[in-house]
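Worksheet: one structure, shown below.
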Amino acid sequence: MSHISSKLMTGAEICSFVSGSHIQVRRDVFGAELHNNSSNRINIAWLRHARQSSYTSGCKFSVSARIKKGQKHDYPWPDDVDPNLKSGHLSYLSHFKPLSEKPKLVALDFEKPLLELEKKISDVRKMTNETGLDFSDQISLLEKKYQEALKDLYTHLTPIQRLSIARHPNRPTFLDHVLNITEKWVELHGDRAGYDDPAIVTGLGSIDGKTYMFIGHQKGRNTKENIHRNFGMPTPHGYRKALRMMRYADHHGFPIITFIDTPGAFADLKSEELGQGEAIAYNLRAMFGLKVPIVTVVIGEGGSGGALAIGCSNKLFMLENAVFYVASPEACAAILWKSSQAAPKAAQKLKITATELCKLKIADGIIPEPLGGAHADPTWTSQQIKLTVTRAMKELTQMNTDSLLGHRHLKFRQLGGIQEGGSVEPEKKRNMKKKDVAVSEITANLEAELEEVKKSVLKAKKKSTVPVFSDEDVELVKHDVDKEITNAFIAMGLQEKLEALKMDLLKAPSDLNQVPTLKERVGRLVQEFKNNLSSSGSFDGLTQKLKTLSEVNTLLEHKRKGEILKKAINDRLQNKAKEKMEILRKARDLAAKGEELDDDTLKRVDEARDELMEMLKSANFEVLGVNRKMSSSAPSVILEKVAKANEVIFGEIDKVVEMGGLRVKVDELRLEMEKGSRNDKGKVERLIKEIRDGVHASLDPNELEKMVKSSIGLQSPDAVGANAEQK
């Protein structure tokens with residue numbers, strides 16, 4: 011606190027005053043006038059007024075000035091700065107710090123099938139570890155095919171899918187790339203008009219020893235940062251800060267590198283009041299007059315004038331999955347088709363991807379990204395940006411000032427074109443639903459092979475693979491299918507017809523045969539829905555769910571019928587068949603122990619079986635056949651005999667195959683069967699028939715019967731012939 015008293019007397023020429031952050035004046039004669047002056051200094055006009063005043067004689071006043079203690083800055087310069095610091099950015103001057111927690115994995119809609127496949131591969135690997143079986147070759151093959159499916163998916167992305175990658179929450183931001191490609195970096199703040207917009211970041215950085223001015227939109231890496239950065243949407247302060255730094259770079263001869271990643275300028279009321287449009291327009295004009303090279307990189311989404319305000323450059327490059335648009339696909343769809351569900355079509359028509367913009371000569375090149383997007387490997391992506399930018403700067407720095415300005419002007423003058431006399435596309439209904447992922451044939455086959463490996467593992471563990479569905483599972487599937495069907499009707503443009511038909515059905519009688527016109531409308535609507543569902547590739551997910559629901563209903567229906575059949579048999583035949591079943595059970599137990607059944611026992615077994623079949627027929631059950639199943643507890647002697655019989659039969663069949671020239675057909679059949687779901691079923695059936703006919707023609711059943719008898723002893727001729735036929 012400092013206190014200064016001054017006496018102003020008539021004719022006095024000396025006046026003392028203090029410059030400070032706050033002035034307090036005692037309300038004497040001049041108190042009112044002094045208090046109204048909020049300036050940090052007493053100006054000459056007031057002093058002149060004070061000297062000429064008739065009240066100056068004998069009047070006193072005092073001025074008190076308080077010097078506030080300096081508030082700690084958000085970016086304090088540390089006391090122990092290393093004087094030998096030669097590389098790295100000044101981290102203590104930046105808000106941008108490493109995240110304390112690793113970002114969560116976020117899967118986009120079209121990536122979910124691949125994630126499910128990856129999970130299945132992990133499950134198979136876990137199962138092999140539990141069983142101790144070696145399936146490493148199969149797993150390696152599946153992983154290789156998974157990579158092929160991943161590559162196939164990311165090389166055939168639709169525009170709306172690339173837009174979703176550009177908006178991925180884990181996508182690297184402007185500062186991520188800058189810190190990866192620069193050796194030294196210091197951030198510069200403020201527009202010198204009262205505000206520092208955090209949505210636009212500016213600073214000086216060096217690449218390979220050369221200094222550049224970096225300007226870019228900055229999004230957040232989590233919710234807190236996004237709120238602080240206003241989701242990368244700048245206000246007029248941000249564009250004026252960018253303009254200040256551009257003029258600074260132009261004055262000192264620093265080339266400018268700008269990074270675009272914004273949905274657009276922040277269009278709130280306050281921004282409009284502060285001159286959002288004027289700030290953008292001023293930047294557009296000023297950038298065409300800068301005498302240093304300018305290179306722009308679109309690293310995410312570039313929205314309208316908010317992106318172009320720092321994008322009037324000599325060369326513009328785009329990351330592979332970046333987008334650049336005059337209006338977002340959702341906004342375009344809402345304007346043209348009155349529904350945001352038409353966003354996929356709008357994205358296709360707007361030509362927002364890097365490939366399309368290179369064809370239109372808006373973009374000058376595409377910077378590759380790793381499979382899965384830039385967030386899969388941010389460091390590698392940053393190095394690709396560095397290589398592209400340095401190469402472009404090397405070319406531009408060789409131009410003189412006039413050539414550089416002319417190059418920039420010509421780039422934008424050549425954009426656009428006029429087409430006259432073209433045919434106008436007729437108005438028609440279109441499918442506006444976002445397409446499901448086009449799972450490639452490789453992915454489908456990969457799923458089939460995964461199931462085969464799983465079956466092998468489960469078989470080795472002797473586990474049952476019979477699916478079990480609860481009522482809750484079925485209800486969930488039905489609810490999901492109903493929701494998908496509703497969305498499909500909306501996407502097909504049939505929602506209005508469906509609602510109108512529902513209203514008419516509520517008014518109509520329960521029997522539609524009485525209203526033939528209404529029944530015909532129902533049939534037409536159903537047929538139109540089925541045609542759209544089968545012809546378009548946009549409803550693969552719904553088609554698969556309908557198929558799954560049908561299979562589940564079929565299984566449940568079979569289960570229900572089986573339970574009804576079992577109950578009916580028990581109700582009608584339990585008492586009558588109890589004695590007969592006991593005879594069959596005892597005979598089975600004796601056979602399982604390896605004992606030979608005498609003729610009397612065999613006769614009673616045959617009679618009991620015949621009586622049981624007659625009982626079933628009398629109860630109106632159709633008997634299709636008798637299942638003769640060997641007990642799992644059969645003695646080893648019987649199993650050895652069966653193995654010897656199989657060995658003899660297989661050996662004879664192999665001889666016939668070799669001598670009859672069937673080996674080529676067998677190998678061809680094996681190749682077809684290895685293809686799995688891709689095989690030609692007609693060709694497989696033809697090969698099986700030719701091989702079977704060839705074996706029958708060359709194999710003598712009587713001779714084979716003798717050979718089997720000599721190896722295992724007596725056996726029924728019918729059994730031998732049946733066994734040979736089966737093999």
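Heads up: the sequence shown begins at 11 in this note's numbering, then just goes up one per residue.
For glycine and all other residues, C-beta sits at the position ideal for the given N, C-alpha and C.
Applying the 10 Å Cβ sphere with the 16-neighbour rule, what's the burial state of F276?
buried
Which one or two residues does DSSP pair with T268 in a beta bridge?
I225, T306
Does DSSP classify Y335 as helix, strand or coil?
strand
Segment contact flag, the region 285-301 with the region 346-365, C-beta cutoff 8 Å, min 3 pairs:
no
For F327, write down the residues that DSSP places opposite it in a beta bridge.
V307, G375
Going by DSSP, name the residue or residues bridged to E197.
G213
For G285, which of helix, strand or coil comes out of DSSP?
coil
Suppose you measure from the CA of K473 to the CA of S132; what does that come to, to the nearest Å?
Caution is warranted here: a pLDDT of 43 is assigned to K473, below 50, making its placement in the model unreliable, and no coordinate value can be reported.
Which residue marks the beginning of the alpha helix (DSSP H) containing M137, and which one marks its end?
122-141
Give me, in chain order, the residues of the same chain whose beta-carbon lies closer than 8 Å to that of L173; leave out the 5 immediate sequence neighbours on both sides.
E311, V333, P339, A357, I362
Per DSSP, what are the beta-bridge partners of G316 in this structure?
Partner(s): none; G316 has no beta bridge.
Within this structure, are the beta carbons of V666 and S708 separated by less than 8 Å?
yes
Less than 8 Å between the C-beta atoms of K301 and L414, yes or no?
yes
Decide if F224 is buried, meaning its Cβ has at least 16 other Cβ atoms within 10 Å, or exposed.
buried
From V658 to G671, what does the alpha carbon distance come to, in whole angstroms?
20 Å
Pull up the distance between the alpha-carbon of A252 and that of G299, whole angstroms please.
15 Å
Within a Cβ cutoff of 8 Å, which residues of the same chain sit near K488, ignoring the five residues on either side of it in sequence?
L559
Roughly how many angstroms lie between the CA atoms of G204 and P108, to the nearest whole one?
29 Å
Could you tell me whether the Cβ atoms of L198 and L214 are closer together than 8 Å?
yes
Could you tell me the distance, in whole angstroms, from the CA atom of G692 to the CA atom of D677?
17 Å
Cutoff 7 Å; reference V116; Cβ partners in own chain excluding five residues on either side
H178, P179, N180
Pick out whichever of F241, T192, L679 has its Cα sitting closest to the Cα of G219.
T192
Compute the distance between the beta-carbons of A291 and G248, then report whether it is under 8 Å.
no
Residues that DSSP places opposite T363 in a beta bridge
V333
For N541 and K535, the rounded distance between their alpha carbons
Rather than Lys, the amino acid found at residue 535 in this sequence is Leu. One C-alpha to the other measures close to 10 Å.
One question on the structure: do G242 and P273 come within less than 8 Å of each other, judged by their Cβ atoms?
yes
Does K220 come out as helix, strand or coil in the three-state DSSP assignment?
strand
Leaving aside the five residues before and after H417 along the sequence, list all residues of the same chain whose C-beta is less than 7 Å from its C-beta, in chain order.
N324, M409
Straight-line gap, G142 to S216 (C-alpha atoms, nearest Å):
55 Å
Starting from the C-beta of I304, find all residues in its chain whose C-beta is less than 6 Å away, skip the five residues before and the five after it, and write them out in chain order.
I266, S323, N324
Reference F327, options E366, R598, I345, K716, closest by Cα:
E366
Applying the criterion that 16 or more other CB atoms from any shown protein chain within 10 Å of the CB defines a buried residue, is S720 buried or exposed?
exposed
Unbroken alpha helix (DSSP H) run spanning S520, endpoints:
S520 -> no alpha helix (DSSP H), and no H or E assigned at all.
Buried or exposed, going by whether 16 or more other CB atoms sit within 10 Å of the CB of V308?
buried
L127 versus M137 - alpha carbon distance:
15 Å
In the DSSP assignment, find the alpha helix (DSSP H) that holds Y205 and state where it starts and stops.
Element bounds for Y205: n/a, residue is neither H nor E.
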